[in-house]
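Chemist:
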Amino acid sequence: MLRANSSQRTWLQDDLSTRELLHRYPALFAMVFAVTGILIDRSVFAVARFGIHSNLLCWGGLSIAALLAVEFSIRYMDSVDSKKAKRLRCIASAVGVLSLFASWHAISEQSYRSASIHRLIGDDAVPVIVQGELSERVTLRSNGESIDSPDSFLSELIVAIDTHRVDGVNQAVTGSVLVSADGDLSHYHPGDRLEVYGWLRAFDPPTNPGQPDLRPAYRRRGLHCRLETKNDQSIVLLEASKDWFGRLISTVSNSGRQSLLRHTDSHTGPLALALILGQRELVDADTRDALLATGTAHLLSVSGMHLAILVVFVSWGIAAAGFRPATQFLVIVLLSSVYVAMTGGRPPVFRAAVLIGVLLLASCFRRTSQPLNTLAFAAILLLIKNPLNVLSIGVHLSFLAVITFMLAGRSMPSLSLHQQLEREREQSFQQLIEGASSRWIRTGKAIVRFFVQMAWMSACVTAVSLPYVWSQFHLISTVSVLTNVLVWAGLMLALPAGVLVVLLDPLASWLGYLPGVVCQWSLRWMAWVIDWTHSIPNGHFWLPSPPAYSVVVFFVGLAATLVCNDRIARTARIGWIAGWTVVNLFLATRPAALPPSTLEATFVDVGHGTSVIVRTPQHRCYLYDCGRLGNRQGASYPIDTALWLLGLTHLDGVLLSHADADHYNALPKLLQRFRIDAVYTPPGMLHGAGSQLERLRNAIEHAGVPVIELCRENMTDDIDARYRKLPFRVLHPPRSGVGGSDNANSLVLEIEQGRVPLLLPGDLEPPGTEVLVDGPRPTPGGVMMAPHHGSLRMNADMVLAWARPRETVVSGSQRAARTEVRQMLSQTGSGVYVTAQVGAVRIRIGNMKQNRTTGKIDVRCWLSDPWE
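With the working numbering applied, the sequence shown corresponds to residues -18 to 849, in that order.
Okay, structure coming up:
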């Protein structure tokens, strides 16, 4: 029996002891209880709907009880039973930390919810005049054009408002708003007092299936609402900032941006800003996708790696200058603090600054520092700074990467004493051999070992973070290890060279020339590597996300391997990661169930544009149009997230109604993210001129997808084999087309299920309208998408009278939500659903047993009745 128990113990770590762990990692345990307290206050009390004051009373009572328990154990229990006294103190300390951080979260919530600006926020935008103080450095975004002129920028300002003007009278108000304005407003500095004229509106909830809710992210930043202005003249400076440090940091940041853009080109400039100054907002969508697909998205965020590289170079410089350790510590901490402030104080770089500071402090006092303990201490400081950092995706990925580095950098599996001695002899013998080699050989071997270690670390981080990255970004990258190893050399040169440009170029342009050249060519190397690996076939896969519970199970299982003996831990981890990935590939890519004999159409809310996901009873899926107005960078969001929620990676076809960009400009991205069998267009649609049509043609050709032109004559008795299996009928246009614009030749489809038609007319307008209604009438009582986004000027009432639908869906912006539009569309007794008001609309046509409406048509709106 004793032998059996001893055999079982070899599967677990031999040094597992709660007392030892508490002694070695006190900050880690404190961090765990701090996170627990915040999550409990956020979830349990929110579900129970207790008041915030009740929360504070409860947590305050627990804190006092914990303090009394500690005092009781010291005074009365130590002399009687010291073990029980220590145990009581540990429990009381845990409860105390938990309740203190829960109280801190409750106080933070109370401060946020008590802001009086809430009374100004309604369902619709409200015109306001407010005054307040600029809280942070102005953020610049690209409006989709070149960044060579000030007109190409969109500015975002965070203003803590304190005054609201009503009928010429100033009234006190509190709150923090996100102000957006066209143009470059970076000349404003933190602390400037501003007056802003604009429209106040709440942050929008998600209006589509699969669309992430951004309101918690705004809440984490302390923002209550947004304030949209007409132009930069709507923001007036009342009083300059008196915060000299904030002005200094803002000025250095702005001059650094201008210096970097002067020494880089249009492709590498935005990357330099993100890499060196943390200003990632100017990076275009294509570059973001390439970075994400190659596992190098961390380059867009100044992180601990960036700070560590800079600290290494600074350490070399001050060590060469002969400074003492204490002086080195002060210089590095000072420079790190300035860099943290200049890059916005984001959690990853803040965490790195804490780690570096503690490490240097320990070396100054000749003390050892426990990395995991130091990391937990940094996490506690971040929670003190903002308790909602516990929910930040960036914080999660940052700490996950560092923990993985720490564990991957440990010594290899445990060896017996004899094996350790044998290994030391082999290493000594190897060192003798290398010592006899030439310097070039030794240097080469050192470089190879460095890159092997880099590849190992990168592979570990990629594998461990795979479920989280997959769940948040719908992506699995198979080239991330290769890309990260290759870009490392460029990063090591570009980062310090870029910092020198920021420091020297404002003094004299020629001083920044040489580091500017180094930075530019290093960034070009990095961009080339990223573009090359991004183009590798099967180098990345866009996929539906795995279930949330499965991601939790993954990390629980991975954590369980930490208590295993090192000899089996590695095998267990590899097997667990591989097995979990295979299982979840199957779970995530299963198409969502559709009731038998049911036709489903989901009208995605894309604003002023159109995108309809059609699923047929034969388990085929089509996309009718895919675009929106103002989509200058051709983003496929939120169409792709709606498709992924259905578990789709393949489309049987994309049908484009006509050549207006708001009906097709998302297709190039969709071609990269989904396997599409064919693109269907009306005759001659792709033959037009224009840069967006040219981009569309190139994307279709690059993807190798066939283009099939559809017209009314395709549906005749002598139908071509290509059209025989299509689940729809083409009602318009005729092969010869009609006079007028592209709208008049829109592709009009009818899809019928159980004698109930679904009509999709695109942007049909005269004279195409007259041609359509002269044809056979569809069966009444069906579903129709309003032509031309519900326009009042395009004879939509004529089409309604011809079709006699029972339900009408308007895919449009807030302009389509006007009362007169609803009145016009409901003249035939049809129900009217405007996506701008109700979010995405799902229509199901079939013999369903649990209809929410009578008959064969089931209608659900995302905002009022979301579905899974």
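Ideal Cβ positions, reconstructed from N, Cα and C, are used throughout, including at glycine.
If you scan the segment 52 to 121 from start to end, which runs of the alpha helix (DSSP H) of 4 or more residues do you find wholly inside it?
Modeler: Within the segment 52 to 121, the complete alpha helix (DSSP H) runs of at least 4 residues are 63 to 94.
Chemist: Less than 8 Å separating the beta-carbons of residue 241 and residue 479?
Modeler: Yes, Cβ-Cβ distance for residue 241 and residue 479 is below 8 Å.
Chemist: Excluding sequence positions up to five away, which residues of its chain have a Cβ less than 6 Å from the Cβ of residue 761?
Modeler: Once the five neighbours on either side are set aside, the close Cβ partners of residue 761 are 785.
Chemist: In terms of residues, what are the limits of the alpha helix (DSSP H) holding residue 250?
Modeler: Start and end: 249 to 253.
Chemist: Less than 6 Å between C-beta atoms, sequence neighbours within five positions excluded: which residues of the same chain meet that for residue 621?
Modeler: Cβ within range, chain order: 654.
Chemist: Assuming residue 163 contacts residue 213 under a Cβ cut-off of 8 Å, what Cβ separation, rounded to an integer in Å, is found between them?
Modeler: The pair is a contact, with the Cβ atoms about 6 Å apart (cut-off 8 Å).
Chemist: Quick one: using the 10 Å Cβ neighbour count with 16 as the cut-off for buried, is residue 675 buried or exposed?
Modeler: Result: exposed.
Chemist: If you run the structure through DSSP and keep just helix, strand and coil, what is residue 503?
Modeler: Of the three classes helix, strand and coil, the one that applies to residue 503 here is helix, per DSSP.
Chemist: Within 10 angstroms of the Cβ of residue 633, are there 16 or more other Cβ atoms? Answer buried if so, exposed if not.
Modeler: The residue is buried, with at least 16 neighbouring Cβ atoms inside 10 Å.
Chemist: Among 564, 469, 472 and 123, which residue has its Cα nearest to the Cα of residue 247?
Modeler: Among 564, 469, 472 and 123, the Cα nearest to that of residue 247 is on 123.
Chemist: Report all residues from its chain with a CB closer than 6 Å to the CB of residue 497; omit the five preceding and five following residues, and keep chain order.
Modeler: Only 244 and 482 meet the Cβ criterion.
Chemist: Considering only the beta carbon of each residue, do residue 827 and residue 787 sit closer than 8 Å?
Modeler: No, the Cβ-Cβ distance between residue 827 and residue 787 is not below 8 Å.
Chemist: By alpha-carbon positions, which one of 438, 275, 585 and 158 ends up nearest to residue 191?
Modeler: The candidate whose alpha carbon is nearest that of residue 191 is 585.
Chemist: Along the alpha helix (DSSP H) that carries residue 165, what are the first and last residues, could you check?
Modeler: Residue 165 -> no alpha helix (DSSP H), and no H or E assigned at all.
Chemist: Pull up the distance between the alpha-carbon of residue 855 and that of residue 724, whole angstroms please.
Modeler: What the structure shows of the chain is the stretch from -18 to 849, and residue 855 is not part of that stretch, so it cannot be assessed.
Chemist: Between residue 587 and residue 605, which are expected to be in contact by the criterion C-beta below 8 Å, what is the C-beta distance as a whole number of angstroms?
Modeler: Not really, about 12 Å apart at Cβ, beyond 8 Å.
Chemist: Along the alpha helix (DSSP H) that carries residue 649, what are the first and last residues, could you check?
Modeler: 648 to 654 is the extent of the alpha helix (DSSP H) around residue 649.
Chemist: Would the beta-carbon of residue 476 fall within 8 Å of that of residue 287?
Modeler: Yes, the pair counts as a contact, with Cβ atoms nearer than the cut-off.
Chemist: Could you check whether the segment 271 to 284 touches the segment 526 to 545, counting it as contact only if at least three pairs of C-beta atoms, one from each stretch, sit closer than 8 Å?
Modeler: Contact between the segment 271 to 284 and the segment 526 to 545 is absent, because fewer than three Cβ pairs lie under 8 Å.
Chemist: Alpha carbon to alpha carbon, what distance is there between residue 105 and residue 844?
Modeler: Taking the straight line joining both Cα atoms gives about 16 Å.
Chemist: Quick one, are the C-beta atoms of residue 368 and residue 89 less than 8 Å apart?
Modeler: Closer than 8 Å, so yes.
Chemist: Which residue marks the beginning of the beta strand (DSSP E) containing residue 584, and which one marks its end?
Modeler: Segment 579 to 584, the beta strand (DSSP E) holding residue 584.
Chemist: Taking C-alpha atoms, which residue in 430, 366, 336 and 446 lies nearest to residue 385?
Modeler: Looking at the Cα atoms, 446 is the closest of the given residues.
Chemist: Quick check on residue 436: does DSSP put it in helix, strand or coil?
Modeler: DSSP places residue 436 in helix when its eight states are reduced to three.
Chemist: Where does residue 771 land, buried or exposed, given buried means 16+ other C-beta within 10 angstroms?
Modeler: Its Cβ being crowded by 16 or more others within 10 Å, residue 771 is buried.
Chemist: Excluding five sequence neighbours on each side, which residues of the same chain lie with their C-beta closer than 7 Å to the C-beta of residue 631?
Modeler: Same-chain partners within the cutoff: 655 and 656.
Chemist: Measure the C-alpha to C-alpha separation of residue 268 and residue 261 and round it to an integer number of angstroms.
Modeler: Taking the straight line joining both Cα atoms gives about 11 Å.
Chemist: Along the chain, where does the beta strand (DSSP E) containing residue 789 start, and where does it finish?
Modeler: Run containing residue 789: 788 to 791, per the beta strand (DSSP E) assignment.
Chemist: Note down the Cα distance separating residue 841 from residue 189, rounded to an integer number of angstroms.
Modeler: Between residue 841 and residue 189, the C-alpha separation is close to 12 Å.
Chemist: Grab me the residues of residue 837's own chain with a C-beta within less than 7 Å of its C-beta, minus the 5 sequence neighbours each way, in chain order.
Modeler: Closer than 7 Å at Cβ, skipping near neighbours: 735, 737, 826, 827 and 828.
Chemist: Between residue 628 and chain C, is there a C-beta pair that is closer than 8 Å?
Modeler: No chain C is present in this structure, which holds just one protein chain.
Chemist: In the structure shown, what three-state DSSP assignment does residue 227 receive?
Modeler: Helix.
Chemist: Span of the beta strand (DSSP E) holding residue 141?
Modeler: Counting along the chain, the beta strand (DSSP E) containing residue 141 begins and ends at 134 to 147.
Chemist: Drop a sphere of 10 angstroms on the beta-carbon of residue 850, count the other beta-carbons inside from all chains shown, and report buried for 16 or more, exposed for fewer.
Modeler: Here the chain has residues from -18 to 849 only, and residue 850 is not among them.
Chemist: If you drop the 5 nearest sequence neighbours on each side, which residues of the same chain put their C-beta closer than 8 Å to that of residue 370?
Modeler: If we look at residue 370 and ignore the five residues flanking it on each side, its Cβ neighbours are 201, 328, 363, 364 and 376.
Chemist: Whole angstroms is fine: what's the gap from residue 708's alpha carbon to residue 583's?
Modeler: The alpha-carbon atoms of residue 708 and residue 583 are separated by roughly 16 Å.
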